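Start counting the sequence shown at 0; every next residue gets the next number (numbering that gives the first Met the number 0). One structure below.
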Amino acid sequence: MAGGGNKAVVAALLANTGIAITKFAAWGLTLSASMLAEAIHSLADAGNQVLLLVGGKRAKRAADELHQFGFGRERYVYSFIVSIVLFSVGGLFALYEGYHKVHDPHGIDSWKWVPVVVLVLAIVMESFSFRTAIVEANKVRGKVPWVKFVRNARAPELPVILLEDFAALTGLVLALIGVVLTLATGNGVFDGLGSMAIGALLVCVAIFLAIEMKSLLLGESATRESQQRIVAAIENTVGVQRMIHIRTLHLGPEEVLVAAKVAVEPTSDAAVVARIINDAEHAIREAEPMSQHIYLEPDIYVENYVREDRPAVPEAPSH
């Protein structure tokens, strides 16, 4: 796992563990639905950070005969599991608890201001985790907008932590509003509505995260900027006439497979062709270090070429 992603995950794990403990203590004293929903949410988040760390460690295993390109995608598998946990344990439970509280409302009768104090402290701790994630993300984000960064990132840890922390902070604010309204009015419905709002937020974030992780699991190409660097490296190699076509695939967040057909200068000397291909591979690795597996097929480019032993594709019949 990249250093920045690992630092953000550890910060989030420490913050969420402390937050979960204080929230469960506050729920035990007040029986607030919002507090219970928030406590379960923080517990699920802490478990998610453990999953991300486990996925990062397992992804470092060396390739074997069955998995010849290694285990880099295991980080995507564990990130997808995180989205499922966030959806089920966090979102659905909060919705259920809120629904139950709305239909059987009761106010907070004892230790009334404990939830407020706990939620304020949780906002402070969660803000620390969120700030760490933002700082680490800014090191690789550059000037890319946040939404585009989250959607186009090939390393899953930072986007997952950013989304989790954003949802957690928003959920804490919603819980605080629900608790304060319940304390001010004595009506437990507001507490239940706060829990349901938290659940709806978590479900939306989990669905978005699952869609993004599914796309990475299916296999995404290198970013447009990365592909442009690879193409430029190939076309600037001495002996290469032009790029015919290229395909790229992320085998892991920092590992890209490159397969391309390149037009080389016509020659009957195989050693010359081999030198051109080797030079192109070297140029690719210098331009894009993530290119770990490179397969280049040399060819001779002929415009409007049609094989003599294969008839041209006939025109579709008119109706």
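Every residue gets a Cβ at the ideal spot worked out from N, C-alpha and C, and that includes glycine. Since this is a predicted model, take the numbers as computed values, not measurements.
Considering Cα atoms alone, identify which of the options is closest to residue i.
i, options, result
"Ala-32", "Val-178, Gln-226, Thr-169", "Val-178"
"Gly-218", "Asn-151, Leu-295, Leu-157, Gly-170", "Asn-151"
"Leu-168", "Lys-6, Ala-24, Asn-5, Ala-14", "Ala-14"
"Ser-290", "Leu-30, Val-263, Thr-222, Val-301", "Thr-222"
"Ile-245", "Arg-284, Ile-293, His-281, Ser-267", "Ile-293"
"Asp-298", "Val-272, Ile-283, Arg-284, Asn-277", "Val-272"
"Ile-80", "Leu-208, Trp-145, Val-257, Glu-234", "Leu-208"
"Arg-284", "Gly-54, Val-88, Gly-55, Val-257", "Val-257"
"Val-115", "Ala-183, Thr-16, His-66", "Ala-183"
"Lys-100", "Asn-277, Tyr-300, Asp-63, Leu-30", "Leu-30"
Using 8 Å for Cβ pairs, my map puts residue i next to residue j. What's the rounded Cβ distance?
i, j, result
"Val-239", "Ile-210", "The Cβ separation is near 38 Å, so there is no contact."
"Gly-251", "Gly-71", "2 Å"
"Met-195", "Tyr-98", "7 Å"
"Arg-261", "Ala-279", "Before going further, note that residue 261 is Val rather than Arg in the sequence given. Right, their Cβ atoms sit about 7 Å apart."
"Ala-199", "Phe-86", "Not quite, the Cβ-Cβ distance comes to about 12 Å (not below 8 Å), so this is no contact."
"Leu-248", "Ser-220", "6 Å"
"Glu-37", "Leu-171", "7 Å"
"Ile-107", "Thr-181", "6 Å"
"Glu-73", "Gly-89", "Between Gly-89 and Glu-73 the Cβ distance is about 23 Å, and since that is not below 8 Å, they are no contact."
Using a Cβ-Cβ cutoff of less than 7 Å, which residues in the same chain neighbour residue i once the five nearest sequence positions on both sides are dropped?
i, result
"Pro-104", "Asn-186, Gly-187, Val-188, Gly-191"
"Tyr-75", "Pro-155, Met-212, Leu-215, Leu-216"
"Leu-35", "Trp-26, Glu-96"
"Leu-42", "Ala-19"
"Ala-166", "Leu-200, Leu-201, Val-204"
Whose C-beta lies closer than 6 Å to the C-beta of residue i among residues of the same chain, with five residues either side of it excluded?
i, result
"Glu-287", "Ser-225, Arg-228, Ile-229"
"Val-149", "Pro-158"
"Ala-10", "Ser-128, Thr-131"
Cutting at 8 Å between CB atoms, please list the residues of its own chain near residue i, excluding the five before and the five after it.
i, result
"Lys-147", "none"
"Leu-12", "Ala-45, Gln-48, Val-49, Leu-52"
"Ala-61", "Gly-69"
"Val-117", "Thr-21, Lys-22, Ala-24, Ala-25, Met-34"
"Ala-282", "Ala-232, Ile-233, Asn-235, Thr-236"
"Val-202", "Phe-86, Gly-90, Leu-91, Leu-94"
Taking 8 Å as the cut-off, does the segment 127-147 touch the segment 76-94 (at least 3 CB pairs, one atom from each stretch)?
Taking 8 Å as the limit for Cβ pairs, the verdict is that the segment 127-147 does not touch the segment 76-94.
If you pair each beta-carbon of the segment 224-237 with each one of the segment 169-178, do three or more pairs fall below 8 Å?
By the Cβ rule, the segment 224-237 does not count as touching the segment 169-178, because fewer than three pairs are nearer than 8 Å.
Could you pull out every unbroken alpha helix (DSSP H) segment of at least 4 residues lying fully inside the segment 9-77, listed in chain order?
Segments of the alpha helix (DSSP H) lying fully in the segment 9-77: 32-57.
Please give the ranges of any alpha helix (DSSP H) in the segment 220-265, keeping only runs that are unbroken, at least 4 residues long and fully inside the region.
Counting only runs of 4 or more, we get 223-234.
Could you tell me which whole alpha helix (DSSP H) segments of length 4 or greater appear in the segment 101-178?
If we require 4 residues or more, the alpha helix (DSSP H) runs fully inside the segment 101-178 come out as 113-140, 145-151.
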